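In my numbering, the protein residues as written are 23 to 542.
Cβ coordinates follow ideal geometry from the N, Cα and C atoms, glycine included.
Every value quoted in this text rests on a predicted model; they were computed, and no experiment measured them.
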Amino acid sequence: MKKFLLTSVLAVLAPVLAQAQGLTMGLGGNVTSLDPHYHSAGPNSAFAYTIFSRLTETDENSRVLPGLAESWKMIDPLTWEFRLRKGVKFHNGNDFTAEDVVFTFARIPRVVNSPGPYTSYLRGISATEIVDPYTLRIKTEYPVPILPLMMHNIAILDSATHANATTEDFNAGRALIGTGPFRYVSGSTNAGIKLARNKDFWGPAPDWESVDYRIITNSAARTAAFLAGDVDLIDQVASADVPRISQNANAKVVSKVGLRLMYINLDNARTKDPVFLTDNAGKPLATNPLKDVRVRKALSLAIDRQVLADRVMDGTAIPSMQYMPPDAYGFAKDLAPSSADPAGAKKLLAEAGYPEGFRITLHGSNDRFPNDARVLQAIGQMWTRIGVRTAVDAMPYGPFQSRASAQEFAAFLGTWGSSGEPGIGMTNTLATFDKAKGTGSINRGRYSNPAFDQALAAATSEMDDAKREAMLQDVTRMLVADMPILPLYIQKNVWAVKKGFSYAGRADEASMPQDVHPSR
Numbered sequence: 023m024k025k026f027l028l029t030s031v032l033a034v035l036a037p038v039l040a041q042a043q044g045l046t047m048g049l050g051g052n053v054t055s056l057d058p059h060y061h062s063a064g065p066n067s068a069f070a071y072t073i074f075s076r077l078t079e080t081d082e083n084s085r086v087l088p089g090l091a092e093s094w095k096m097i098d099p100l101t102w103e104f105r106l107r108k109g110v111k112f113h114n115g116n117d118f119t120a121e122d123v124v125f126t127f128a129r130i131p132r133v134v135n136s137p138g139p140y141t142s143y144l145r146g147i148s149a150t151e152i153v154d155p156y157t158l159r160i161k162t163e164y165p166v167p168i169l170p171l172m173m174h175n176i177a178i179l180d181s182a183t184h185a186n187a188t189t190e191d192f193n194a195g196r197a198l199i200g201t202g203p204f205r206y207v208s209g210s211t212n213a214g215i216k217l218a219r220n221k222d223f224w225g226p227a228p229d230w231e232s233v234d235y236r237i238i239t240n241s242a243a244r245t246a247a248f249l250a251g252d253v254d255l256i257d258q259v260a261s262a263d264v265p266r267i268s269q270n271a272n273a274k275v276v277s278k279v280g281l282r283l284m285y286i287n288l289d290n291a292r293t294k295d296p297v298f299l300t301d302n303a304g305k306p307l308a309t310n311p312l313k314d315v316r317v318r319k320a321l322s323l324a325i326d327r328q329v330l331a332d333r334v335m336d337g338t339a340i341p342s343m344q345y346m347p348p349d350a351y352g353f354a355k356d357l358a359p360s361s362a363d364p365a366g367a368k369k370l371l372a373e374a375g376y377p378e379g380f381r382i383t384l385h386g387s388n389d390r391f392p393n394d395a396r397v398l399q400a401i402g403q404m405w406t407r408i409g410v411r412t413a414v415d416a417m418p419y420g421p422f423q424s425r426a427s428a429q430e431f432a433a434f435l436g437t438w439g440s441s442g443e444p445g446i447g448m449t450n451t452l453a454t455f456d457k458a459k460g461t462g463s464i465n466r467g468r469y470s471n472p473a474f475d476q477a478l479a480a481a482t483s484e485m486d487d488a489k490r491e492a493m494l495q496d497v498t499r500m501l502v503a504d505m506p507i508l509p510l511y512i513q514k515n516v517w518a519v520k521k522g523f524s525y526a527g528r529a530d531e532a533s534m535p536q537d538v539h540p541s542r
């Protein structure tokens with residue numbers, strides 16, 4: 023009888039034990055670099071956090087948690103003290119100390135040719151002081167109330183191992199040595215990456231002995247791989263595939279309102295001789311119509327955001343005019359998404375001197391975000407209806423982001439995934455580009471407004487949470503009034519997981535194997 027019971031128990035546990043051996047993930051976002059400080063993009067960060075740890079971590083709702091720093095406190099408005107974990111080791115056995123944090127901070131500004139620098143997360147830091155190997159003080163030029171939150175974006179490197187490591191060393195796997203839950207084994211983003219559990223990880227042990235980390239940018243191929251059983255989890259589930267997967271008894275769809283705003287970026291840099299803008303006869307324009315706020319508002323009024331959310335995105339988006347979703351910190355309730363008003367848009371164009379409109383090319387990716395190419399086509403049709411005849415050019419994300427970073431376009435699909443406060447997003451995407459200050463690191467339209475910069479800097483330096491929120495809401499109102507970008511919608515993050523696996527989903531849309539667990 024005992025033998026029969028033992029056999030029965032083992033039979034029940036066998037699937038769970040087998041699952042815990044390995045996890046296969048099919049992810050839609052293209053990882054453009056394995057250097058954790060090269061390109062600040064969601065897929066890059068999500069992968070980096072499997073290998074590397076940060077001073078602070080965040081939970082599924084983007085609340086700050088201890089990481090390599092066990093605790094922190096503000097000594098005075100310009101000084102933060104972080105107490106670091108003892109006994110943490112890098113994958114090669116080196117000890118983690120405060121010296122590694124100081125080294126990491128110093129490396130980030132030296133990373134060359136970065137299309138999305140991480141310097142913005144060091145904004146305001148003027149000096150670091152090692153009190154002892156496990157106590158670090160960070161000095162700032164001005165109050166930085168969200169410094170602990172900003173620290174969750176910085177992967178910490180080993181001062182010895184990475185002293186001379188290049189971006190190519192990371193991309194080749196040679197430098198992928200961190201303190202994170204998994205170790206690099208082999209592979210590349212093109213061929214798939216093999217990871218192994220870090221048995222010496224300082225945090226909760228991940229459930230998986232091994233991870234097969236696959237990049238599958240094509241939505242149809244990703245869904246097909248999941249339904250065929252080739253992968254255990256996929257992210258960025260195509261909205262059209264959600265009903266089919268939901269009806270599958272061996273699968274589960276997980277959805278969570280995210281923190282990613284999708285928007286149209288506009289060329290605010292060129293005053294004369296604009297690119298991808300012509301008159302209706304195809305002749306180049308002498309001046310840039312996008313510099314006129316009336317034109318920008320006309321383009322915004324032409325967009326039916328509810329249609330984008332309900333029809334193009336199949337309900338997996340929330341129309342928005344601001345960086346944060348409803349009820350999040352900094353959300354301004356009075357800034358409801360404007361309804362489409364083609365007549366009002368045409369009137370504004372006429373007032374700006376373009377009664378017959380003009381021609382424009384709208385650029386964007388076709389493989390990075392859910393329905394990105396469809397969104398571009400829909401907006402192109404909406405603009406064409408008001409007389410702005412729009413050609414759409416959608417391309418793979420790699421070449422697109424390189425060209426967008428070089429300010430080659432007039433109008434293009436942009437995005438920012440917030441980290442819990444709207445000030446971080448606006449500082450990165452709308453503050454005047456200043457490499458030394460770390461502002462505007464992803465301001466690809468090169469918008470520059472001194473009044474906006476001043477108000478934003480004051481808001482992000484305010485130590486009182488309630489006052490800071492009110493100030494950030496005012497800055498958001500300035501954004502909507504000037505319309506340097508055209509906010510579209512907040513994405514809902516959607517995953518599909520195989521039966522026998524559990525995943526809660528994350529507001530920051532990161533898909534990390536340490537967050538996936540066997541169902542029990």
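Buried or exposed for residue i, going by 16 or more other Cβ atoms inside 10 Å?
{"i": "Gln403", "result": "exposed"}
{"i": "Met23", "result": "With a pLDDT of 38 at Met23, under the threshold of 50, the predicted position of this residue should be treated as unreliable, though the coordinate-derived value follows. Answer is exposed; the Cβ neighbour count stays below 16."}
{"i": "Tyr525", "result": "buried"}
{"i": "Gln536", "result": "buried"}
{"i": "Val38", "result": "With a pLDDT of 43 at Val38, under the threshold of 50, the predicted position of this residue should be treated as unreliable, and no value is reported."}
{"i": "Lys221", "result": "exposed"}
{"i": "Asp229", "result": "buried"}
{"i": "Lys108", "result": "exposed"}
In whole angstroms, what is the alpha-carbon distance linking residue i and residue j?
{"i": "Tyr235", "j": "Ala260", "result": "19 Å"}
{"i": "Ser427", "j": "Val123", "result": "28 Å"}
{"i": "Phe298", "j": "Phe248", "result": "40 Å"}
{"i": "Phe74", "j": "Phe118", "result": "12 Å"}
{"i": "Leu597", "j": "Gly195", "result": "There is simply no residue 597 to check, as the chain begins at 23 and stops at 542 in what is shown."}
{"i": "Glu378", "j": "Asn52", "result": "40 Å"}
{"i": "Leu35", "j": "Ser541", "result": "In this prediction, Leu35 has a pLDDT of 37, which is less than 50 and means its spatial position is unreliable; what the coordinates show is noted afterwards. The straight-line gap from Cα to Cα measures roughly 11 Å."}
{"i": "Asp257", "j": "Trp517", "result": "4 Å"}
{"i": "Gly251", "j": "Val264", "result": "17 Å"}
{"i": "Gly138", "j": "Ala374", "result": "34 Å"}
{"i": "Phe69", "j": "Asn302", "result": "46 Å"}
{"i": "Ser208", "j": "Ala367", "result": "54 Å"}
{"i": "Lys95", "j": "Arg159", "result": "10 Å"}
{"i": "Ile237", "j": "Leu255", "result": "12 Å"}
{"i": "Arg316", "j": "Ile286", "result": "16 Å"}
{"i": "Thr141", "j": "Ser181", "result": "18 Å"}
{"i": "Gln269", "j": "Ala262", "result": "13 Å"}
{"i": "Met335", "j": "Glu121", "result": "47 Å"}
{"i": "Ala149", "j": "Gln429", "result": "33 Å"}
{"i": "Thr188", "j": "Ala63", "result": "19 Å"}
{"i": "Tyr419", "j": "Glu484", "result": "37 Å"}
{"i": "Gly527", "j": "Ala91", "result": "24 Å"}
{"i": "Arg407", "j": "Arg390", "result": "27 Å"}
{"i": "Leu179", "j": "Pro165", "result": "26 Å"}
{"i": "Met177", "j": "Gly214", "result": "Per the sequence shown, residue 177 should be read as Ala rather than Met. Going by the C-alpha atoms only, they are around 22 Å apart."}
{"i": "Gly439", "j": "Thr451", "result": "11 Å"}
{"i": "Thr560", "j": "Thr54", "result": "For the chain, the structure presents residues 23 to 542; residue 560 sits outside this window and is missing."}
{"i": "Met534", "j": "Asn66", "result": "11 Å"}
{"i": "Tyr206", "j": "Arg85", "result": "28 Å"}
{"i": "Val538", "j": "Arg244", "result": "18 Å"}
{"i": "Thr101", "j": "Leu144", "result": "14 Å"}
Would you grab the beta carbon distance between residue i and residue j for me? Rounded to a whole angstrom, and I think it's under 8 Å.
{"i": "Asn83", "j": "Ala529", "result": "6 Å"}
{"i": "Asn193", "j": "Leu56", "result": "5 Å"}
{"i": "Tyr345", "j": "Leu283", "result": "5 Å"}
{"i": "Ala416", "j": "Ala395", "result": "4 Å"}
{"i": "Asn515", "j": "Gly202", "result": "Between Gly202 and Asn515 the Cβ distance is about 22 Å, and since that is not below 8 Å, they are no contact."}
Just to confirm, are residue i and residue j a CB contact at a threshold of 8 Å?
{"i": "Val410", "j": "Phe380", "result": "yes"}
{"i": "Thr72", "j": "Pro88", "result": "no"}
{"i": "Ala358", "j": "Gln495", "result": "no"}
{"i": "Leu435", "j": "Ser387", "result": "yes"}
{"i": "Leu45", "j": "Ser441", "result": "no"}
{"i": "Gly467", "j": "Asn290", "result": "yes"}
{"i": "Ile152", "j": "Ser342", "result": "no"}
{"i": "His59", "j": "Ile130", "result": "yes"}
{"i": "Leu371", "j": "Ala320", "result": "yes"}
{"i": "Ala218", "j": "Ser232", "result": "yes"}
Quick one: does residue i have its CB under 8 Å from some CB of chain C?
{"i": "Ser181", "result": "Among the protein chains of the structure shown there is no chain C, as only one such chain exists."}
At a cut-off of 7 Å, is residue i close to the ligand MG when judged by its beta-carbon and the heavy atoms of the ligand?
{"i": "Ile464", "result": "As far as ligands go, the structure on display features none, and thus does not contain the ligand MG."}
query: Touching or not, the region 520-531 and the region 269-279, by the rule of three or more beta carbon pairs under 8 Å?
result: yes
query: Quick one: any contact between the region 390-409 and the region 318-330, if contact means 3 or more CB pairs under 8 Å?
result: yes
query: Taking one C-beta from the region 477-495 and one from the region 440-451 each time, how about it: are there three or more such pairs within less than 8 Å?
result: yes
message: Any contact between the region 467-482 and the region 495-504? By contact I mean 3 or more CB pairs, one from each, below 8 Å.
response: yes
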